[in-house]
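As structure tokens, the structure follows; a few thoughts come after it.
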Amino acid sequence: MNDKLRALNTLRYIHGNPKAANMQQGWFYDFSNYGTYDRLTNDGITQWHPAFLALGATLDICAAAYRKFCKKYKPQPKPEKNHWGSKLLAKLRVRGKPAKVSPGQRSLWDEWDAPIEEIRNVAEKFVLANCFDPKFASMQFKIILENNTG
């Protein structure tokens, strides 16, 4: 398998995960960037993968080819419950002193001071560019904003 096909298969697998997990019927998911690939929207975050851009001479051709490629995908259903974590955690015992955290492993959240409005704007732009129904999602953001300001 060549690198471009491997990249496309990986991208399709990621975009297909919510469908495989029965979280929705189609490919569009509010927290996935599939919409940017399918509808060529700008979510402000996504950059199209070079393998996607190699699918055609224009972006419209690339999107149509990727859409067709995704429709061929038949994900295996994922089990509803996975108990490996609960079995593993039951056997886990803390031993000795906790390891020191190196400066490179510190949490960025402690020092990050992005205004909540900026975070909301980025999230809204991403979701509206990638969701199945932008009109419905837009109404949800308005409701959330009204509830938080009223």
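Each residue of the sequence shown is one higher than the one before, starting from 18 at the first, in the numbering used here. All residues carry an ideal CB built from backbone N, CA and C; glycine is no exception.
Grouping DSSP H, G and I as helix and E and B as strand, with all else coil, what is residue i?
i    : result
F86  : helix
P132 : coil
A74  : coil
K57  : With the sequence shown as reference, residue 57 is identified as Leu, and Lys is not the correct amino acid for it. Correct three-state label for L57: coil.
Y46  : coil
P92  : coil
T63  : coil
M156 : helix
N39  : coil
C79  : helix
Which term fits residue i, buried or exposed, when burial requires 16 or more other beta carbons within 10 angstroms of its beta carbon?
i    : result
G61  : exposed
Y174 : The structure shown does not extend to residue 174, since the chain spans only 18 to 167, so no value can be given for it.
L70  : exposed
R23  : exposed
L68  : Going by the sequence as given, residue 68 is Ala instead of Leu. The residue is buried, with at least 16 neighbouring Cβ atoms inside 10 Å.
A80  : buried
T53  : buried
Which same chain residues end up closer than 7 angstroms to residue i when comparing Cβ atoms and leaving out the 5 residues on each side of it in sequence?
i    : result
R84  : D55
K142 : D60, G61
S49  : H32, P35, N147
Grab me the residues of residue i's own chain with a C-beta within less than 8 angstroms of its C-beta, minus the 5 sequence neighbours each way, in chain order.
i    : result
A154 : D47, V144, L145, C148
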